[in-house]
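Contents: one structure, followed by commentary.
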Ligand SMILES: Nc1ncnc2c1ncn2[C@@H]1O[C@H](COP(=O)(O)OP(=O)(O)OP(=O)(O)O)[C@@H](O)[C@H]1O
Ligand SMILES: [Mg+2]
């Protein structure tokens, strides 16, 4: 599903080069739930941003479902974000002026699937996420855990090949963390969603099938 | 979906939305009021010209449409009167008294004969050469009545002999001979009004007189009235263009500021949209839709405000006539939209080009 070889990313900070990734090799199978851990600044988010097409890599190869990200134009990277990946961030990142339902709909609109009715599995996913009764609310009328669940619903509505969750429980208390992590595992088991999750919390990492450690821009184990 | 997002964004910042729309509305009102007053005043002038009941108007050669102030010799009047088909003539002299005011010197008998006679609301005809007549609109706007004195008209306070119904050429009249004497323009006319025996021959007679008196500008009344339009008054046309330019610029400034702050405020949301796969053109279309909606709301407000300015004119400045100009509503609205869109370009491009990762890191 995902094949990463010798991936490098150098950020140019004025005259200084910041080596964020120094040759990452990683394979992720379809349907896998992978946890990524590692100290701050080790390049975890950078890896996600490249996988999600938010920033181009400097060197190396990344294949997602057989497509090489290196070769993509800006427009194709935009398409990649629309279709192949879904993002969930630490801060909930909902559009504050839109209702829960419209926050989900706008992802469909951007992906161009807005005209078609939602697929039936998504209704089950909403039920799983406990959002059915909250669709008409605005984000500020929701708890942090609920907002994060909306972000997850929005990230998967277009059925992406991979769900990238960057510290999805970083702002949540234990109770809500457990809930969200349990939901990610359910989505993985019930609809076969491939998930990559960054976390600093060993208990959260344990929800994954496999834990990958990063340090200084490399995968160490 | 975009209209929904735009609508919610506008609702989210009601004060910003209201102030921007009002500012755009004032700009629209400015254009509409100017056009409405210009047309209203011109229509009113045309109406008062027609109020003389003349069929043909003769002026000095090269006079501007609204240009009084050029005189020609009164000695021509007998020649005009003897022209075949002419039934009657009356010569007038107009003396400007400032921006909008003017006093018209008439030969009371021939003027009344042609126009069908003044209708007196108060008082009556001149009883001595130093008296004046005013129309009801003048009387109302200046708060005067028959018997009162109007201060400093051509060097003296002059008694109002009578207040007449408006619609006959001028708002203030004096005996022609006295006005000629006071202004040192004896034997001078500003215009001669001509009545023809057979109105169906008016154009023909006007044409013939033009050939015979090439040093004068000679129009049929219909033609003169049709020339009294904004397009034929170069100064007015320029003035309206300047105001339109100003309008576009105000729309530009208002929307530039409003959208610029909106983009800064929404940095994070723009990052979210980009992470969801929104292209730069998607982001741009959101902001442009918002701009168009804002300027349309502003335009509607502007049209409504224009009824307000009309009411204010009517109550406080009755001698200024403002008419409603629905044909200009889409033009003024279009001006607002164009100015606004130009103003939205820079903020819009800034938003479209924003780096998604930096935007998401923004608090
Ligand atoms: N846009 C950027 N410009 C310049 N340097 C950057 C940028 N983004 C990240 N970096 C640098 O790249 C390195 C890796 O950053 P990254 O955000 O990937 O770390 P991380 O593992 O996600 O850390 P954390 O656990 O704190 O989120 C860091 O040294 C960081 O300062
Ligand atoms: Mg990070």
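Residue numbers (my numbering), protein chains in the order written: chain A, 3 to 223; chain B, 478 to 840. Ideal Cβ positions, reconstructed from N, Cα and C, are used throughout, including at glycine.
Determine the DSSP secondary structure at residue 666/B, reduced to helix, strand or coil.
strand
Quick one: is the Cβ of residue 168/A within less than 8 Å of any heavy atom of ligand 2?
yes
Could you name the residues of the same chain whose beta carbon sits closer than 7 Å to that of residue 506/B, not counting the 5 residues immediately before and after it, in chain order?
779, 782, 783, 786
For chain B, check one thing: does any of its Cβ atoms lie closer than 9 Å to the Cβ of residue 156/A?
yes
What does the alpha-carbon distance come out to for the pair residue 72/A and residue 734/B?
39 Å
Any C-beta of chain A within less than 8 Å: which residues of the region 749-780 of chain B qualify?
749, 750, 751, 752, 753, 754, 755, 756, 759
Could you have a look at residue 217/A and say whether DSSP puts it in helix, strand or coil?
strand
Going along the chain, which residues of the region 106-136 of chain A sit with their C-beta nearer than 9 Å to a C-beta in chain B?
Correct list: 107, 108, 109, 110, 111, 112, 113, 116.
Is the CB of residue 84/A under 9 Å away from at least one CB in chain B?
yes
In the structure shown, what three-state DSSP assignment does residue 86/A receive?
coil
Does the CB of residue 89/A have a neighbour CB from chain B at under 9 Å?
So, interface residue.
Would you report the Cα separation of residue 595/B and residue 664/B, rounded to the nearest angstrom?
25 Å
When the distance is taken between beta carbons, is residue 152/A closer than 9 Å to residue 190/A?
At a Cβ-Cβ threshold of 9 Å, residue 190/A and residue 152/A do not count as neighbours.
Using beta carbons (cut-off 9 Å, strictly below), is residue 712/B in contact with chain A?
For residue 712/B, no CB of chain A lies under 9 Å from its own CB, so it is not counted at the interface with that chain.
Just checking residue 37/A against ligand 2 - is the residue's beta carbon closer than 8 Å to any of the ligand's heavy atoms?
no
Indicate, with yes or no, if ligand 2 has a heavy atom lying under 8 Å from the CB of residue 46/A.
yes
Residue 200/A beta carbon near ligand 2 (any heavy atom closer than 8 Å):
yes
Pairwise C-alpha distance: residue 739/B and residue 56/A:
23 Å
Looking only at its own chain, which residues have a Cβ that is under 7 Å from the Cβ of residue 562/B, when we skip the five neighbours before and after it?
673, 674, 675, 678, 682
Roughly how far, in whole angstroms, is the beta-carbon of residue 241/A from the beta-carbon of residue 211/A, given that I think they are within contact range, below 8 Å?
Look at the range of chain A in this structure, 3 to 223, and you will see that residue 241/A is not part of it.
Distance cutoff 9 Å, beta carbons only. Does residue 518/B sit that close to anything in chain A?
no
At a CB distance below 9 Å, what residues from the region 167-188 of chain A approach chain B? Give them in sequence order.
Answer in chain order: no residues at all.
Count the other CB atoms within 10 Å of the CB of residue 680/B; is the residue buried (16 or more) or exposed (fewer)?
exposed
With a threshold of 16 other CB atoms inside 10 Å of the CB of residue 718/B, please say whether the residue is buried or exposed.
exposed
Is the Cβ-Cβ distance between residue 133/A and residue 102/A less than 9 Å?
yes
Using DSSP with H/G/I as helix, E/B as strand and the rest coil, what is residue 694/B?
Secondary structure at residue 694/B: strand, using DSSP grouped into helix, strand and coil.
Considering just the uninterrupted stretch of the alpha helix (DSSP H) at residue 729/B, what are its terminal residues?
711-742
Specify, as a first and last residue, the run of the beta strand (DSSP E) that residue 8/A falls within.
4-15
Which residue marks the beginning of the alpha helix (DSSP H) containing residue 164/A, and which one marks its end?
That residue, residue 164/A, is in no alpha helix (DSSP H); its beta strand (DSSP E) goes 164-168.
Considering only residues of the same chain and omitting the five flanking positions on each side of residue 508/B, which have a CB-CB separation below 7 Å?
Around residue 508/B: 720, 721, 724, 809, 812.
Please decide whether residue 736/B counts as near chain A, where near means a Cβ-Cβ distance under 9 Å.
no
Cutoff 9 Å: residue 98/A Cβ touching any chain B Cβ:
yes
In the region 812-839 of chain B, which residues sit with their C-beta less than 9 Å from some C-beta in chain A, listed in chain order?
832, 833, 834, 837
Using 8 Å as the cut-off, classify the Cβ of residue 22/A as near or not near the heavy atoms of ligand 1, replying yes or no.
yes
Candidates 98/A, 124/A, 99/A: closest to residue 110/A by CA position:
124/A
Out of curiosity, what's the CA-to-CA distance linking residue 686/B and residue 550/B?
Whole-angstrom Cα-Cα distance: 16 Å.
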